[in-house]
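J.:
Residue numbers (my numbering): 21 to 613.
1. Pull up the distance between the alpha-carbon of residue 483 and that of residue 104, whole angstroms please.
2. Where does residue 14 sit, in a helix, a strand or coil, going by DSSP?
3. Whole angstroms is fine: what's the gap from residue 375's alpha carbon to residue 362's?
4. Please check the pair residue 281 and residue 307, which I expect to be a contact at CB under 8 Å, by giving their CB distance rounded to whole angstroms.
5. How many angstroms separate the CA atom of residue 616 from the CA atom of residue 337?
6. Are three or more beta carbon pairs between the stretch 135-153 and the stretch 191-200 nearer than 8 Å?
7. Roughly how many angstroms separate the alpha carbons of residue 110 and residue 22, rounded to a whole number?
8. Give the secondary structure of residue 552 by DSSP, where H, G and I count as helix, E and B as strand, and everything else as coil.
9. Whole angstroms is fine: what's the gap from residue 617's alpha carbon to residue 434's?
10. Using only CA atoms, which one of 305, 507 and 466 lies nearest to residue 346?
11. Enumerated in chain order, which unbroken segments of the alpha helix (DSSP H) with a length of 4 residues or greater are wholly contained in the stretch 173-235?
12. Quick check on residue 350: does DSSP put it in helix, strand or coil?
13. Quick one: Cα of residue 570 to Cα of residue 424, how far?
14. Ends of the alpha helix (DSSP H) at residue 36?
15. Report buried or exposed for residue 594, applying the criterion of at least 16 other Cβ atoms within 10 angstroms of its Cβ.
16. Give a yes or no on whether the C-beta atoms belonging to residue 325 and residue 213 are separated by under 8 Å.
17. Please tell me whether residue 68 and residue 97 are closer than 8 Å, where the distance is taken between their beta carbons.
18. Among 590, 155 and 95, which one has its Cα closest to the Cα of residue 71?
19. Under DSSP, the alpha helix (DSSP H) around residue 544 begins and ends at which residues?
20. Out of 530, 334 and 596, state which residue places its alpha-carbon closest to the alpha-carbon of residue 565.
21. Using the beta-carbon count (16 or more within 10 Å), is residue 478 buried or exposed?
22. Three or more beta-carbon pairs under 8 Å between the stretch 341-359 and the stretch 232-247, yes or no?
23. Per DSSP, which one or two residues make a beta bridge with residue 250?
24. If you drop the 5 nearest sequence neighbours on each side, which residues of the same chain put their C-beta closer than 7 Å to that of residue 613?
25. Please say whether residue 131 and residue 146 have beta carbons closer to each other than 8 Å?
26. What did DSSP end up calling residue 29 once you bin it into helix, strand or coil?
27. For residue 308, which of helix, strand or coil comes out of DSSP?
28. Specify, as a first and last residue, the run of the alpha helix (DSSP H) that residue 337 falls within.
29. Among the residues of its own chain, which have a CB less than 6 Å from the CB of residue 113, if the five just before and after it don't count?
30. Between residue 258 and residue 327, how many whole angstroms is the CB-CB distance? I'm expecting something under 8 Å.
31. On the DSSP bridge list, what partners appear for residue 590?
32. Could you give the residue range of the alpha helix (DSSP H) that holds residue 462?
Written out as structure tokens, the structure is:
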């Protein structure tokens, strides 16, 4: 019997952990099982044609909020050309409201409810027996599914208990590792979550189950040795078991070989000794932490049953940031119960004050099966009927307020999270605008009013558009801000840029004189910079200069702002292992004339 397991990932670089578990569990009995991954951007009929060409006897899809629409399009059309083909759906998007999906979509034959490994194997065995005997499959005997009986009526079989011994699931990473080349690999050391946050599907599941450390280490080492670049742990609270987490951290420190690992942690329960261990021993750039803050409003957290000590979280995030070894990605959710626009502004500023490397601003999604969806009427929620079920407003946050916050999110992503102009933004957020939220809101509103949200942009557009906004806003010390924008633009380039977006470029005579000034300060240059500065030809090949209104070098090193006519010289080594270097020299104004 030919079986195809499939899903539509959000991006090509993603990979499906769920399908790999199903394959590893069923393959001993069905060695010809096939795993096929597409993306939500693929053309529907191309996917239908590809699946049709494979001539499966059974096809199963893994469904999530990001792919359910596209998956159903494929399923509807596939069923038209293969009406005899059993189609199975599973995954969090269909598991918590299976009756709805079965009744609304007659092309679905079976929905797997909950964990799928044992269920998919028994389903496939039932279909195989039916194929051999010519009788209908005995679906009622398979626990943990919704199915149609011979009259087409939707039925539910007996619920299936959770798998107690997770090690009984064969590793999804024993072989077929070439499938993961150039992809992000998802990994779990445990299943379940101890918390009951009412907006999260993990709140429905009781308890936490663990794979053995031996199993986890063996799988990780196999992936590391294969050369996987990024491994994302999907454990909902990786650090809930201190001893278990510490042993894995130590194992990865000892064996990482350059692989990057991302974990979801709960920062306010990270023990002091674990924190000290990480900040002292973690190799720089190897670990990334994702920390869900969501809200700093105590009443909001109480309503969603979220237990959180923001003071402890802040201390943890601050200590990790000061170590300079672990990047942190903090999450916020706009639209939680009783958090209005002004309360969310405070939440945003509370969290932004920690200066995380990334701050993701998300919007509440009323996921099927969650407590917030069940009690939506209590807070006047209005939300999208179809996935991703994002809210449109509630009793304290209007649709107009939601759109305002979306404009904050747009420029936050473009400017802060992409780190295109860190020094410029820090100046603006510290010296110019009342709060970080006010900057992102004002800039986001201006961006929308200019119509820029409807057109694309190049890198230099981000700088010129920020400058346009600052000029419109009439900010003070604009010449200093412009100087920092030039600095940020030049320092983030891998190669000497061919075009500049500012007008006051240096004349040839000024550039030559600047070279002389740089040569005079060769003693404080990085060795490779000094070597190239010795030759005028090499100097101009590897550097680019810009006029600035204060000594940026001194300001970065000491915090002292010395104003005047200076020239910033950025050096490009053109070597991946070496970043850019720079020097600031005082301009001789007589040369320009």
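Virtual Cβ for every residue (Gly too), placed ideally from N, Cα, C.
Quantities reported herein were computed from a predicted structural model and do not represent experimental measurements.
T.: The short version:
1. Looking at the backbone, the Cα of residue 483 and that of residue 104 are separated by about 57 Å.
2. What is shown of the chain runs 21 to 613, which leaves residue 14 out entirely.
3. Inter-residue distance for residue 375 and residue 362 is about 20 Å (C-alpha atoms, whole angstroms).
4. By a beta-carbon distance limit of 8 Å, residue 281 contacts residue 307. Their separation comes to about 6 Å.
5. Not covered by the structure: residue 616. The range shown for the chain is 21 to 613.
6. Look at the beta carbons and you see the stretch 135-153 not touching the stretch 191-200: under three pairs across the two are nearer than 8 Å.
7. Each residue's alpha carbon lies about 19 Å from the other.
8. In the displayed model, residue 552 falls within a helix according to three-state DSSP.
9. The chain is shown from 21 up to 613; residue 617 falls before or after that span and cannot be answered.
10. Answer by Cα proximity: 305.
11. With a minimum length of 4 residues, no continuous alpha helix (DSSP H) run stays inside the stretch 173-235.
12. Here residue 350 sits in strand by DSSP.
13. In this structure, the straight-line span from the alpha carbon of residue 570 to that of residue 424 is close to 36 Å.
14. No residue range can be given for residue 36, since it is assigned to no alpha helix (DSSP H) and is classified by DSSP as neither H nor E.
15. Classification for residue 594: exposed.
16. In this structure, residue 213 does not lie closer than 8 Å to residue 325 by Cβ.
17. Result yes, Cβ atoms of residue 68 and residue 97 sit closer than 8 Å.
18. Closest by alpha carbon: 95.
19. Where residue 544 is concerned, there is no enclosing alpha helix (DSSP H), given that its DSSP letter is neither H nor E.
20. In this structure, 530 is the residue among 530, 334 and 596 with its C-alpha nearest to the C-alpha of residue 565.
21. The residue in question, residue 478, is exposed, as its Cβ has fewer than 16 Cβ neighbours within 10 Å.
22. Verdict: no, contact absent.
23. 280.
24. The predicted position of residue 613 is uncertain, since its pLDDT is 49 and thus under 50; a value taken from the coordinates is nonetheless stated next. Within the same chain, no residue comes within 7 Å of residue 613 by CB-CB distance, once the 5 residues on both sides are set aside.
25. Contact: no.
26. The answer is strand: DSSP assigns residue 29 an E or B state.
27. It is a strand residue.
28. Looking at the DSSP string, the run of the alpha helix (DSSP H) that includes residue 337 is 330-343.
29. Correct list, in chain order: 83, 84, 85 and 88.
30. 17 Å between Cβ atoms; not a contact.
31. Paired residues: 564 and 602.
32. Element bounds for residue 462: 456-469.
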